[in-house]
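Report on one structure; see the data block that follows.
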Amino acid sequence: MIEGDLKVVNNFRERSEVIIATSAIVVGELRFMAQNSQQRTANLMKIEAFLQRIDIYSIDKQTAEIYGDFKSEIIRRFGPKEKRKRQTIKLVEIGISENDL
Numbered sequence: 488m489i490e491g492d493l494k495v496v497n498n499f500r501e502r503s504e505v506i507i508a509t510s511a512i513v514v515g516e517l518r519f520m521a522q523n524s525q526q527r528t529a530n531l532m533k534i535e536a537f538l539q540r541i542d543i544y545s546i547d548k549q550t551a552e553i554y555g556d557f558k559s560e561i562i563r564r565f566g567p568k569e570k571r572k573r574q575t576i577k578l579v580e581i582g583i584s585e586n587d588l
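Heads up: the sequence shown runs through residues 488 to 588, numbered per this note's numbering.
Here it is in structure tokens:
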């Protein structure tokens with residue numbers, strides 16, 4: 488967890504005047520990892536305590552549009568040149584996972 492990494496903790500402390508935020512997607516990923524951990528309840532509580540101290544960016548229409556356009560551009564630029572193949576390619580096939588976006 489975050490409190491176990493002294494470098495991360497110190498980095499947060501040094502930036503106490505800066506707004507620290509994460510996205511709703513990251514919140515989901517943190518909860519997913521906690522749900523699958525051996526200390527499920529404790530980790531969920533730690534995540535909740537952490538999230539109380541930072542802002543969370545929600546997913547809105549503009550964010551969804553940026554995501555879709557960005558994903559499309561990555562496939563167009565790094566995917567197959569043939570349109571038919573581009574329509575079925577997965578990001579992971581060109582070296583990018585969905586979570587990287």
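Where is the CB? At the ideal position from N, CA and C, for every residue including glycine.
- In the three-state DSSP reduction, Thr-509 falls in the strand class (E or B).
- Ile-546 sits in coil when the DSSP states are folded into three classes, being neither helix nor strand.
- For Arg-527, the enclosing alpha helix (DSSP H) stretches over residues 527-539.
- Per DSSP, reduced to three states, the secondary structure at Gly-515 is helical.
- When the beta-carbon positions are compared, Asp-542 and Ala-508 come within less than 7 angstroms of each other.
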